[in-house]
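Engineer: Protein chains in written order, with the numbering used here: chain Y, 321 to 478; chain X, 321 to 478.
All C-beta atoms, glycine included, are put in the ideal place defined by N, C-alpha and C.
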DNA sequence: CAAAATCGTTGACGAGATCAACTATACAGC
DNA sequence: GCTGTATAGTTGATCTCGTCAACGATTTTG
């Protein structure tokens, strides 16, 4: 028999948010193991695929990562030939980071994976309910980060 | 100017969940600083106030805390005379933990605080929308923890 | 009475985030 | 053109926090 969760906690929306947020993260990390990559890596690939942000600083800022942290993540991606670093000829302090063809292929795979995870996670809800939920969460997110700024929090990834 | 968040991320409900969950946790921790207590402490006081769960093992299981972790948290609560540990006479391995009068007073204060935090966090939503959101999250939580089991995840607190 | 299980406690360990240098390069002002 | 200052990426130290294994005291089982 399992201990019950105090009702006072379950009654709190922010509690449920924390709980579900963590649970979603955990599930995602588990699922990503099969790829040998971390959700962090996925987020980086997404930013690169968007174009416009090519230097490490821009990537780090876009995702709210520490720049030192990003170095290691990019090392791992480069190790697997998913991205490519080269000096910016116009400013030799910078590195321009680019997706390789393998990187784009991997990104497609990760997109499918993440869609499956999301679908599974939301399985108890109908399509309409999912849309409602997303709308409400989006409005909260806007409010708490009105600038649509960086992720700005550790562990927040795809 | 702030970097924009990739739309691909914002389009994902689980991403928003992770983001908001973390944000809620961060805000709560900030707000709790004024009390000298951690949300973890609040969760413990809630469990104690419920009655029925008095031994350290039961408390830890109810909240999904590691038992070793709980020891330190209870030490801090006892230090401030908010709870009281005494040996269970019928099983001298156990400790029975009880709220003190000061503990109950503190719990009332924490409840107010946490209600304020929640109210602020949900401020962009109407009452009706808040109810809808809570309902949807609750159904997800049920699904992902059908037994209404322990919190089972680090960092999940009030 | 002996062996195994349980409770609280302690301490070691590892993952992960934060922060402070350091090198190389660019730029601004004199 | 120098010189000082700022920036990009890198590295390494540090701190926090959750996990895990061991231990002494006690109870339960056989």
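#1: Determine the contact status of residue 419 (chain Y) and residue 368 (chain Y), defining contact as a CB-CB distance below 8 Å.
#2: Since I believe residue 449 (chain X) is in contact with residue 456 (chain Y) (beta carbons under 8 Å), could you give me their beta-carbon distance rounded to a whole number of angstroms?
#3: Count the CB pairs spanning the segment 388-405 of chain Y and the segment 356-368 of chain X that are closer than 8 Å, and state whether there are at least three.
#4: Thinking C-beta only, is residue 329 (chain Y) closer than 8 Å to residue 461 (chain X)?
#5: With distances taken Cα to Cα, identify the nearest neighbour of residue 361 (chain Y) among Y:393, Y:372 and Y:389.
#6: Just the chain X side, please: which residues come within less than 8 Å of residue 450 (chain Y) by C-beta, in chain order?
#7: Identify which residue in Y:434, Y:439 and Y:463 has its Cα closest to the Cα of residue 445 (chain X).
#8: Strictly by DSSP, which residues pair up with residue 420 (chain Y)?
#9: DSSP beta-bridge partners for residue 431 (chain Y)?
#10: Is residue 451 (chain X) buried or exposed, if buried means 16 or more other CB atoms sit within 10 Å of its CB?
#11: Does the CB of residue 459 (chain X) have a neighbour CB from chain Y at under 8 Å?
#12: Whose CA, out of Y:409, Y:423, Y:382 and Y:411, lies closest to the CA of residue 398 (chain Y)?
#13: Quick check: is the beta carbon of residue 350 (chain X) nearer than 8 Å to any beta carbon in chain Y?
#14: Counting along the chain, where does the beta strand (DSSP E) carrying residue 373 (chain Y) start and finish?
#15: Given this structure, state the Cα-to-Cα distance separating residue 440 (chain Y) from residue 353 (chain Y), to the nearest angstrom.
#16: With distances taken from CA atoms, which of X:410, X:348 and X:349 is nearest residue 375 (chain X)?
#17: Does residue 367 (chain X) come within less than 8 Å of chain Y when only Cβ atoms are used?
#18: Is DSSP giving residue 464 (chain X) helix, strand or coil here?
#19: Look at residue 438 (chain X) and residue 333 (chain Y) and say whether their C-beta atoms are less than 8 Å apart.
#20: To the nearest whole angstrom, what separates the beta carbons of residue 338 (chain X) and residue 344 (chain Y), a pair I think is in contact under 8 Å?
#21: Could you give the first and the last residue of the continuous alpha helix (DSSP H) run that contains residue 353 (chain X)?
#22: For residue 408 (chain Y), which three-state DSSP category applies?
#23: Please state whether DSSP places residue 469 (chain Y) in a helix, a strand or coil.
#24: Consider the Cβ of residue 343 (chain Y): report whether some Cβ of chain X lies at a distance smaller than 8 Å.
#25: What residues from chain Y crowd round residue 424 (chain X), counting only those whose CB sits closer than 9 Å?
#26: Chain Y partners of residue 438 (chain X), CB-CB under 7 Å?
#27: Is the CB-CB distance between residue 351 (chain X) and residue 430 (chain X) below 8 Å?
#28: Could you pull the start and end residues of the alpha helix (DSSP H) that residue 387 (chain Y) belongs to?
#29: Taking 8 Å as the threshold (beta carbon to beta carbon), is residue 409 (chain Y) in contact with chain X?
#30: What does residue 374 (chain X) reach in chain Y if we use C-beta pairs closer than 9 Å?
#31: Based on DSSP bridge pairs, tell me the residues matched to residue 403 (chain Y).
#32: Residue 442 (chain X) versus chain Y: which residues are under 7 Å apart at the beta carbon?
Structural biologist: Short version:
#1: In this structure, residue 368 (chain Y) lies closer than 8 Å to residue 419 (chain Y) by Cβ.
#2: 6 Å between Cβ atoms; contact.
#3: Touching, no, given that fewer than three Cβ pairs across the two stretches are closer than 8 Å.
#4: Taking 8 Å as the Cβ cut-off, residue 461 (chain X) and residue 329 (chain Y) do not qualify as a contacting pair.
#5: Looking at the Cα atoms, Y:393 is the closest of the given residues.
#6: In chain order: 333.
#7: With distances taken between Cα atoms, residue 445 (chain X) lies closest to Y:463.
#8: BP columns for residue 420 (chain Y) are empty, so no partner.
#9: Paired residue(s): none; residue 431 (chain Y) is not in a bridge.
#10: Label assigned to residue 451 (chain X): exposed.
#11: With 8 Å as the cut-off, residue 459 (chain X) counts as an interface residue toward chain Y.
#12: Checking every option, the nearest Cα to that of residue 398 (chain Y) belongs to Y:423.
#13: Interface annotation, residue 350 (chain X): not in contact with chain Y, CB-CB separation never under 8 Å.
#14: Neither: residue 373 (chain Y) is in no beta strand (DSSP E) and is coded neither H nor E.
#15: Distance between the alpha carbons of residue 440 (chain Y) and residue 353 (chain Y) is about 17 Å.
#16: The shortest Cα separation from residue 375 (chain X) among X:410, X:348 and X:349 belongs to X:410.
#17: It does; some Cβ of chain Y falls within 8 Å.
#18: When DSSP states are grouped into helix, strand and coil, residue 464 (chain X) belongs to the helix group.
#19: Going by C-beta atoms, residue 438 (chain X) is nearer than 8 Å to residue 333 (chain Y).
#20: Their Cβ separation, rounded to whole angstroms, is 6 Å, which keeps residue 338 (chain X) and residue 344 (chain Y) in contact under 8 Å.
#21: That residue, residue 353 (chain X), is in no alpha helix (DSSP H); it is neither H nor E in DSSP.
#22: In the structure shown, residue 408 (chain Y) falls within a strand segment according to DSSP collapsed to helix, strand and coil.
#23: Note that residue 469 (chain Y) has pLDDT 36, beneath the 50 cutoff, so the model's placement of it is unreliable and the number below is only indicative. The three-state secondary structure of residue 469 (chain Y), taken from DSSP, is coil.
#24: So, interface residue.
#25: One finds nothing in chain Y with a Cβ atom closer than 9 Å to the Cβ of residue 424 (chain X); even the nearest lies about 14 Å away.
#26: Within 7 Å Cβ-Cβ: 332, 333 and 334.
#27: No, the pair does not count as a contact, with Cβ atoms beyond the cut-off.
#28: Note, residue 387 (chain Y): alpha helix (DSSP H), 387-399.
#29: Cβ-Cβ to chain X under 8 Å: no for residue 409 (chain Y).
#30: Near residue 374 (chain X) there are no residues of chain Y at all, since even the closest Cβ is about 13 Å away, more than 9 Å.
#31: Looking at the DSSP output, residue 403 (chain Y) sits in a beta bridge with Y:419.
#32: What residue 442 (chain X) touches in chain Y: 333.
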